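Below is one structure, written out as structure tokens; the observations come after it.
In the numbering used here, the protein residues as written are 89 to 512.
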């Protein structure tokens with residue numbers, strides 16, 4: 089899960105512990121995460137029960153440039169927008185000041201939808217429609233209800249398909265357990281993802297503060313219903329931020345956390361097909377990244393132009409960015425570690441109907457122009473395979489003042505300063 093910036097020191101400690109935990113390399117259920125007995129009524133923690141919601145709901149079209157948003161964490165919710173709730177902090181201050189825009193690192197982005205959504209994941213489904221999910225609910229350090237899903241024809245207008253998987257109605261015993269998170273009871277689905285694999289829809293998810301699982305649609309439709317394909321059913325293993333990737337030969341792989349280990353899945357997706365492969369990578373020579381994994385959390389794995397890209401989220405130079413490294417083999421070694429999308433966070437990369445590549449985005453640092461709202465930015469690959477934000481963006485992802493050729497980022501074109509290159 090992606091920590092909220094104001095409480096970074098305490099949350100970072102949890103992230104380090106959970107992201108480093110690797111899935112159990114077997115088909116048996118891993119040891120249960122530390123949990124307490126489920127209370128009869130879910131306790132309110134950081135806002136009154138009368139107003140607290142475990143879902144984000146349908147959202148609405150963005151008004152203006154979509155600035156503001158949410159900063160959620162164990163200390164509560166800080167909010168800037170038109171619909172505050174009792175118990176939320178409104179002292180927004182200099183949060184989400186957009187300094188990365190002023191520095192030329194990112195375009196003047198605007199959210200795709202006015203929706204409280206962390207860890208944004210967007211895919212192009214088998215039916216030619218886009219599907220979006222992520223961490224939902226008022227505060228995912230308290231509790232949430234499950235996995236919500238959204239659908240769009242064009243990335244511009246999003247319809248809510250509702251709760252496609254409920255912790256209470258659909259979750260197995262290990263999911264329904266209450267755990268201790270920052271000395272409070274918690275039951276949170278973190279960073280769920282949707283994938284179109286083997287002609288069907290799969291969900292990958294984790295339960296805070298650790299424990300990962302996957303689900304398959306029993307109807308072949310993105311709205312499910314979903315059930316676990318694992319045999320025997322149980323957790324995939326420990327850690328957080330599970331993800332799946334289907335290679336061009338049909339093989340499917342699993343990783344999580346910071347992408348430190350990659351597992352091949354069995355053909356029927358019922359478990360791991362053998363032990364995991366620890367990932368080796370070359371850190372940047374300037375010493376700017378010294379962790380033992382390519383990313384801190386929010387693992388992402390995909391293939392483009394014949395190369396494998398493994399990465400995720402990293403707090404890097406004051407930004408919660410999407411970082412990646414490149415390899416010729418799924419298991420590595422990976423090289424050319426770089427900050428691919430500044431402020432991009434723990435999201436994913438996807439192709440649109442025309443074959444353009446994108447990175448999803450949600451804003452989890454104060455250099456971003458907004459916090460905890462879904463967005464996307466078009467990307468491109470240079471001759472060495474490194475990822476850069478595309479110099480031209482479709483107007484619908486830009487703030488209104490930057491559209492129609494009014495900025496260098498607009499596809500309409502305009503004279504003026506060019507986007508700054510992110511040093512790699």
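Built from N, CA and C at the ideal position, the CB exists for glycine as well.
This structure is a prediction, so every number in the text was calculated from the model and none was measured.
- With three or more CB-CB distances shorter than 8 angstroms, the segment 398-411 counts as touching the segment 427-443.
- Here the alpha carbons of residue 139 and residue 173 stand approximately 7 angstroms from one another.
- For the pair of segments examined, the segment 235-251 was found to touch the segment 198-210: the number of CB pairs separated by less than 8 angstroms reaches three.
- The residue from 394, 384, 391, 416 with its alpha-carbon nearest to that of residue 404 is 384.
- Beta-carbon to beta-carbon, residue 362 and residue 387 are separated by about 19 angstroms, too far to satisfy the 8 angstroms threshold.
- In this model, residue 398 and residue 426 are separated by some 11 angstroms (Cα to Cα).
- Judged by DSSP in its simplified three-state form, residue 488 adopts helix.
- Residue 264 carries a helical assignment under DSSP once its states are collapsed to helix, strand and coil.
- As for any beta strand (DSSP E) of minimum length 3 sitting wholly inside the segment 392-456, the runs are 395-404, 407-415, 423-429, 437-439, 445-449, ordered along the chain.
- Closest option to residue 274, judged by alpha-carbon separation, among 285, 283, 280, 298: 298.
- Per DSSP, the continuous alpha helix (DSSP H) segment holding residue 257 begins and ends at 255-258.
- The shortest CA-to-CA distance from residue 402 to any of 223, 197, 451 is the one to 451.
- Of the candidates 281, 352, 256, 379, the residue whose Cα lies closest to the Cα of residue 210 is 281.
- Membership of residue 188 in the alpha helix (DSSP H) is indicated by the continuous run 187-190.
- Each residue's CA atom was taken as its position, placing residue 262 and residue 228 some 18 angstroms apart.
- Taking a 10 Å sphere around the C-beta of residue 337, we find fewer than 16 other C-beta atoms and assign the residue as exposed.
- Of 331, 424, 323, the smallest CA-CA separation from residue 373 is found for 424.
- Taken in chain order, the whole beta strand (DSSP E) runs of length 3 or more contained in the segment 157-239 are 164-168, 206-212, 218-223.
- Cβ-Cβ separation between residue 473 and residue 414: approximately 5 angstroms, consistent with a contact (criterion under 8 angstroms).
- In the structure shown, the three-state DSSP call for residue 335 is coil.
- The beta-carbon distance between residue 251 and residue 333, rounded to whole angstroms, is 26 angstroms. This is too long to meet the 8 angstroms contact definition.
- Annotated three-state conformation of residue 470 is coil, per DSSP.
- Burial state of residue 355 is exposed, judged by a 10 Å Cβ sphere holding fewer than 16 other Cβ atoms.
- Close CB contacts of residue 264 within its chain, under the 8 angstroms cut and outside five residues either way in sequence, are with 126, 255, 256, 275 (chain order).
- Collapsing the DSSP output to three states places residue 483 in a helix.
- The residue from 142, 177, 163 with its alpha-carbon nearest to that of residue 157 is 177.
- For residue 246, DSSP records no beta bridge to any residue.
- CA-CA distance, residue 260 to residue 224, rounds to 20 angstroms.
- Apart from sequence neighbours up to five positions away, the residues of its chain that approach residue 290 with a beta-carbon distance below 7 angstroms are 283, 302, 303, 304, 332, ordered along the chain.
- In this structure, residue 357 sits near residue 317, with a CB-CB distance shorter than 8 angstroms.
- In the three-state reduction of the DSSP assignment, residue 305 falls in the strand class.
- Within a 10 Å sphere around the beta-carbon of residue 481 sit 16 or more other beta-carbons, which makes this residue buried.
- Shown here for residue 377: same chain residues with a beta carbon closer than 8 angstroms to its own, the five before and five after excluded, namely 371, 402, 404, 411, 425 in chain order.
- Spanning the alpha carbons of residue 149 and residue 464 requires a straight line of approximately 15 angstroms.
- Around the C-beta of residue 461, 16 or more other C-beta atoms lie within 10 Å, and the residue is accordingly described as buried.
- Residue 378 carries a coil assignment under DSSP once its states are collapsed to helix, strand and coil.
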